[in-house]
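Accompanying notes for the structure given below.
Number of protein chains: 2
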Amino acid sequence: MAVSFSPILHLPHSLPSPPPLKSSRTKISVTASLSSSSSSSPASQMDLHNQGRQKFMEFPFVSAPHRDLMVNLLSTVEDRLGSHLLPCTLPLDVQHCQNESGSAQASLHIRSGLQSSQVDFILGSWLHCKLPTGGALNITSLSAYLNPSTDAPNFMIELIQSSPTSLVFILDLPPRKDPVLSPDYLQTFYENTQLDTHRQMLAKLPEVQPYVSSSLYLRSVLSPTVVMIQIGAEAGGPERMEEIVKNHIDPTAQEVLGIWLDHCARGERLVGEEEKAYMMKRDEIIKKKTIEIDLGTNFPRLFGPEVTDRVLGAIQKVYNI
Amino acid sequence: MAVSFSPILHLPHSLPSPPPLKSSRTKISVTASLSSSSSSSPASQMDLHNQGRQKFMEFPFVSAPHRDLMVNLLSTVEDRLGSHLLPCTLPLDVQHCQNESGSAQASLHIRSGLQSSQVDFILGSWLHCKLPTGGALNITSLSAYLNPSTDAPNFMIELIQSSPTSLVFILDLPPRKDPVLSPDYLQTFYENTQLDTHRQMLAKLPEVQPYVSSSLYLRSVLSPTVVMIQIGAEAGGPERMEEIVKNHIDPTAQEVLGIWLDHCARGERLVGEEEKAYMMKRDEIIKKKTIEIDLGTNFPRLFGPEVTDRVLGAIQKVYNI
Chain E
1 MAVSFSPILH
11 LPHSLPSPPP
21 LKSSRTKISV
31 TASLSSSSSS
41 SPASQMDLHN
51 QGRQKFMEFP
61 FVSAPHRDLM
71 VNLLSTVEDR
81 LGSHLLPCTL
91 PLDVQHCQNE
101 SGSAQASLHI
111 RSGLQSSQVD
121 FILGSWLHCK
131 LPTGGALNIT
141 SLSAYLNPST
151 DAPNFMIELI
161 QSSPTSLVFI
171 LDLPPRKDPV
181 LSPDYLQTFY
191 ENTQLDTHRQ
201 MLAKLPEVQP
211 YVSSSLYLRS
221 VLSPTVVMIQ
231 IGAEAGGPER
241 MEEIVKNHID
251 PTAQEVLGIW
261 LDHCARGERL
271 VGEEEKAYMM
281 KRDEIIKKKT
291 IEIDLGTNFP
301 RLFGPEVTDR
311 VLGAIQKVYN
321 I
Chain B
1 MAVSFSPILH
11 LPHSLPSPPP
21 LKSSRTKISV
31 TASLSSSSSS
41 SPASQMDLHN
51 QGRQKFMEFP
61 FVSAPHRDLM
71 VNLLSTVEDR
81 LGSHLLPCTL
91 PLDVQHCQNE
101 SGSAQASLHI
111 RSGLQSSQVD
121 FILGSWLHCK
131 LPTGGALNIT
141 SLSAYLNPST
151 DAPNFMIELI
161 QSSPTSLVFI
171 LDLPPRKDPV
181 LSPDYLQTFY
191 ENTQLDTHRQ
201 MLAKLPEVQP
211 YVSSSLYLRS
221 VLSPTVVMIQ
231 IGAEAGGPER
241 MEEIVKNHID
251 PTAQEVLGIW
261 LDHCARGERL
271 VGEEEKAYMM
281 KRDEIIKKKT
291 IEIDLGTNFP
301 RLFGPEVTDR
311 VLGAIQKVYN
321 I
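Keeping their order, the protein sequence lines are chains E and B.
FYI, the numbering for the first sequence is 1 to 321, going by UniProt numbering.
FYI, the numbering for the second sequence is 1 to 321, going by UniProt numbering.
The following block contains the structure:
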């Protein structure tokens, strides 16, 4: 169904049919007046950050409640973790890209954590892609990765909207170690925090069905309390979908993010050297596999090889792989 | 909802209300004419095995298609793995037990693997328990565990029937290592074998809904292709449920068991010493946790402390923990 930057969410292996690329060379939309995206003085770095962030925060193709949700989540993360984060220094042509016909556009916002912090990076993205049916696919995501000095879970949210009345919603704190080997880990982060209640609440809405990713790897990466649902509001129409996003998805996402910020991102759970090596290995495999699944399949079809290579290279640099 | 011997399946934390025990002392139903269950000559061991097996194979409280399914599965496993298995030498009062009022009965059939084989043990069980509402709860299960000389997945099936028109069905090859760290493991046992197609087929039946275990630990133990569904055949009645078991559940279970026998139980995948230590640790944690979840909660309420201790002790001996 979709393609995205999300380092966790699978990107369904078949888009309905890729929007035509008029030539193999894609046109890069750079709204900047900056002279060069490779400028590296602190001032120009902040310009790069601010400009990209502003564009990213527009979320121009989604409904107001959907946009508010994403803007509020990113703002909350930045408010709480801002002092641990570097500015986004991706080149502008990675922060925002589109294909020549304009039928596909994407925005990417990545901020790495300071050396001294336990945050590896945060990654926000949106993707818009016109569908041959006349509609559009819109995917928005926000992920936060911790680094191997701690084994606390990561955070991820993704909304995949394939029509105004159809939404896939994924919200999770993906575990950083094998929960089967570590029942206390489940207890600490998933049972004591009552994470499952959020999944249960959403499952009660009549419009909600479970959603199953086609990628077995990504099913394995997610936690046992993952919210992974498909919402079909054909009966109630787009208004009902907006209502669901505003009154159910939004508060749930804020609460789960709050749990992550309070219990995972505070850096209270340090690991020893041996375990750190394990964390590094597991984190790296996840990053590699999710890039492979996510960007390897559909991104080239939407944006062509040149943009794909550029975006992929930039992400790999942040991922340190 | 249920209580069972299954070493994998969750045992719901609240039975509707336990059948009354007339005294704290429970009466043990032993159909045997054997003089002592502690007899250990080969002949009496085989008697013990045959007698317990016969009683186990009766599955006296479930529908004919449900019984046929379980009998055929166990027969298939014994046909294929029989030369690797020791007879069941559990005491008869562990192979079959009931409470004083007869409102709860259970049967347990465990065969350990020979030292030379890769089978740790196979475990079959059924449990019948009258419900205060007038109905009955019937749980049947079959599991096969491999030992730490291989990392191939285990096999498990469980049917939890709380009325003639309501069934929870779980079928899986639970992974023996963290699939997130081992994408090739997922590829070998789950993708190449197309296990997910069976889950997808069953999900298409209109009577089928996903089932979510209340235990986060047990959700974590299961594979990304687990069949974990709730079947509600209120509209079609008990006949429709029997039809579903016969035409859908039974062939699916046979096929998945066939995959396990062909790809996992043949002992082609040996692990080195270092990994063996990991397998031992992970297997042991799973066995301990599942006993704790399974038998720790509801079994004492159904059968009283004496039977529970006896059954628990016997299982722990087989589990080698």
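Cβ atoms here follow ideal geometry from the backbone N, Cα and C, with glycine treated the same way.
Distance between E/Pro238 and E/Ile229 (C-alpha atoms, nearest Å): The residue you call residue 229 of chain E lines up with position 229 of the first sequence. The residue you call residue 238 of chain E lines up with position 238 of the first sequence. Spanning the two alpha carbons is a distance of roughly 17 Å.
Compile a chain-ordered list of the residues in the stretch 204-226 of chain B whose CB is closer than 7 Å to at least one CB of chain E. Pro210, Leu216, Tyr217, Arg219, Ser220, Val221, Pro224, Thr225
On a Cα-Cα basis, can you pick out the residue from E/Val168, E/Arg176, E/Thr188 that is closest to E/Asn138? Position 138 of the first sequence holds residue 138 of chain E. Comparing Cα-Cα distances from E/Asn138 to each of E/Val168, E/Arg176, E/Thr188, the minimum goes to E/Val168.
Anything in chain E within Cβ reach of B/Glu191, meaning under 7 Å, just list it in chain order. Sequence index remark: in the second sequence, residue 191 of chain B carries index 191 (1-based). Within chain E, the residues near B/Glu191 are Leu216.
B/Asp120 - containing beta strand (DSSP E), residue span: To locate residue 120 of chain B, count along the second sequence from 1; it is residue 120. Start and end: 119-130.
Since B/Pro183 and E/Arg219 should fall inside the 8 Å C-beta cutoff, what is the C-beta to C-beta distance between them, to a whole number of angstroms? Counted from its first residue, the second sequence places residue 183 of chain B at position 183. Counted from its first residue, the first sequence places residue 219 of chain E at position 219. Taking a contact as a CB-CB distance under 8 Å, the pair B/Pro183 and E/Arg219 does not count as one, their CB atoms being some 12 Å apart.
Output, in chain order, the set of chain E residues within a Cβ distance shorter than 8 Å of B/Lys289. Within the second sequence, the letter at position 289 stands for residue 289 of chain B. Per Cβ cutoff of 8 Å: Pro183.
Three-state secondary structure assigned by DSSP to E/Ile291: Within the first sequence, the letter at position 291 stands for residue 291 of chain E. It is helical.
Chain B contact residues for E/Ile231, given Cβ-Cβ distances below 7 Å: Along the first sequence, one-based indexing puts residue 231 of chain E at 231. Under the 7 Å cutoff, chain B gives no residues; its nearest Cβ is about 15 Å from E/Ile231.
Measuring only between beta-carbons, confirm whether B/Arg67 sits less than 8 Å from chain E. Reading the second sequence from its first residue, position 67 is the one you call residue 67 of chain B. No, B/Arg67 lies away from the interface with chain E (no Cβ there is under 8 Å from its Cβ).
Return the CA-CA distance between E/Ile122 and E/Pro305, expressed in angstroms with no decimal places. Along the first sequence, read from residue 1 onward, the residue named residue 122 of chain E stands at position 122. Along the first sequence, read from residue 1 onward, the residue named residue 305 of chain E stands at position 305. When rounded, the distance between both Cα atoms is 25 Å.
Look at the Cβ atom of E/Gln95, then the Cβ atom of E/Gly52, and state whether they are nearer than 8 Å. As a position in the first sequence, residue 95 of chain E is number 95, starting the count at 1. As a position in the first sequence, residue 52 of chain E is number 52, starting the count at 1. Yes, the Cβ-Cβ distance between E/Gln95 and E/Gly52 is below 8 Å.
At what residues does the beta strand (DSSP E) containing E/His96 begin and finish? The sequence position of residue 96 of chain E within the first sequence is 96, counting from 1. Taken as a continuous stretch (DSSP letters only), the beta strand (DSSP E) holding E/His96 covers 96-98.
Please state the DSSP three-state secondary structure of E/Arg266. On the first sequence, position 266 is the one that residue 266 of chain E refers to. The answer is coil: DSSP assigns E/Arg266 none of H, G, I, E or B.
Collapsed DSSP secondary structure at B/Ser321 in the structure displayed: What you label residue 321 of chain B is simply residue 321 of the second sequence in a count that begins at 1. Here the sequence assigns Ile to residue 321 of chain B, which means Ser is not the residue at that position. Reduced to three states, the DSSP call for B/Ile321 is coil.
Between E/Arg310, E/Ala314, E/Leu216, which has its C-alpha nearest B/Pro179's C-alpha? For the purposes of this step, residue 179 of chain B is identified with residue 179 of the second sequence, where counting begins at 1. The shortest Cα separation from B/Pro179 among E/Arg310, E/Ala314, E/Leu216 belongs to E/Leu216.
Can a CB atom of chain E be found closer than 8 Å to the CB of B/Asp283? For the purposes of this step, residue 283 of chain B is taken as residue 283 along the second sequence, with counting starting at 1. Closer than 8 Å to the CB of B/Asp283 there is not a single CB belonging to chain E.
Which of the three DSSP states, helix, strand or coil, is assigned to residue 394 of chain E? No information on residue 394 of chain E is available, as it lies outside the stretch 1 to 321 that chain E covers here.
Selection of the stretch 168-180 of chain E by Cβ proximity to chain B, strictly under 7 Å: Result list: Asp178, Pro179, Val180.
If B/Ser149 and B/Val318 are in contact, beta carbons under 8 Å, what's the gap, nearest whole angstrom? By one-based count along the second sequence, residue 149 of chain B stands at place 149. By one-based count along the second sequence, residue 318 of chain B stands at place 318. The Cβ separation is near 17 Å, so there is no contact.
Going by the beta-carbon positions, is the gap between E/Gly113 and E/Leu85 smaller than 8 Å? In the first sequence, residue 113 of chain E corresponds to position 113, counting from 1. In the first sequence, residue 85 of chain E corresponds to position 85, counting from 1. Taking 8 Å as the Cβ cut-off, E/Gly113 and E/Leu85 qualify as a contacting pair.
Quick check on E/Asp294 - is its C-beta less than 8 Å from some C-beta in chain B? The count along the first sequence starts at 1 and reaches residue 294 of chain E at position 294. So, not an interface residue.
Rank E/Gln45, E/Ser163, E/Met156, E/Asp79 by C-alpha distance to the C-alpha of E/Pro175 and give the top, closest one. For this step, residue 175 of chain E is matched to residue 175 along the first sequence. It is E/Met156 whose Cα lies nearest to the Cα of E/Pro175.
What number of angstroms, rounded off, separates the C-alpha of B/Lys177 from the C-alpha of E/Asp294? For this step, residue 177 of chain B is matched to residue 177 along the second sequence. For this step, residue 294 of chain E is matched to residue 294 along the first sequence. C-alpha separation (whole angstroms): 24 Å.
Are the Cβ atoms of B/Leu173 and B/Leu202 separated by less than 8 Å? As a first step, residue 173 of chain B must be located in the second sequence, where it is residue number 173. As a first step, residue 202 of chain B must be located in the second sequence, where it is residue number 202. No, they are not a contact pair.
Once the 5 residues before and after E/Thr278 are set aside, which same chain residues still bring their CB inside 7 Å of it? If you number the first sequence from 1, residue 278 of chain E lands on position 278. It is worth fixing the name first, because residue 278 of chain E is Tyr in this sequence and not Thr. Hits under 7 Å: none found.
In chain B, which residues lie with their C-beta within 8 Å of the C-beta of E/Leu186? Translated into the one-based positions of the first sequence, residue 186 of chain E becomes position 186. Per Cβ cutoff of 8 Å: Leu216, Tyr217, Ser220.
What are the boundary residues of the beta strand (DSSP E) that includes B/Asn138? Along the second sequence, one-based indexing puts residue 138 of chain B at 138. It spans 136-146 - the beta strand (DSSP E) in which B/Asn138 sits, taken as one unbroken run.
Would DSSP call B/Glu234 helix, strand or coil? Against the second sequence, residue 234 of chain B aligns to sequence position 234. Residue state, collapsed to three classes: coil.
When burial is assigned at 16 or more other CB atoms within 10 Å of the CB, is B/Ser141 buried or exposed? Taking the second sequence and counting its residues from 1, one reaches residue 141 of chain B at position 141. Buried, because 16 or more other Cβ atoms sit within 10 Å of the Cβ of B/Ser141.
Determine whether the Cβ of B/Ile286 lies closer than 8 Å to any Cβ atom of chain E. Here the question's residue 286 of chain B lines up with position 286 in the second sequence. Yes, B/Ile286 counts as interfacial toward chain E.
DSSP-derived helix/strand/coil call for B/Met228: Counted from its first residue, the second sequence places residue 228 of chain B at position 228. Strand, per DSSP.
Using CA atoms only, rank isn't needed, just tell me which of E/His66, E/Leu302, E/Ser44 is closest to E/Ser101. Position 101 of the first sequence, counted from the start, is the residue given in the question as residue 101 of chain E. When only C-alpha atoms are compared, the closest one is E/Leu302.
Cutting at 7 Å between CB atoms, please list the residues of its own chain near E/Cys129, excluding the five before and the five after it. Sequence index remark: in the first sequence, residue 129 of chain E carries index 129 (1-based). Around E/Cys129: Pro19, Ser103, Ala104, Ala136, Leu137, Leu302.
Please list the terminal residues of the continuous beta strand (DSSP E) segment that includes B/His109. Working through the second sequence from its first residue, we reach residue 109 of chain B at position 109. 104-112 is the extent of the beta strand (DSSP E) around B/His109.
Over the uninterrupted alpha helix (DSSP H) stretch that includes B/Phe56, give me the two end residues. Sequence index remark: in the second sequence, residue 56 of chain B carries index 56 (1-based). Counting along the chain, the alpha helix (DSSP H) containing B/Phe56 begins and ends at 42-57.
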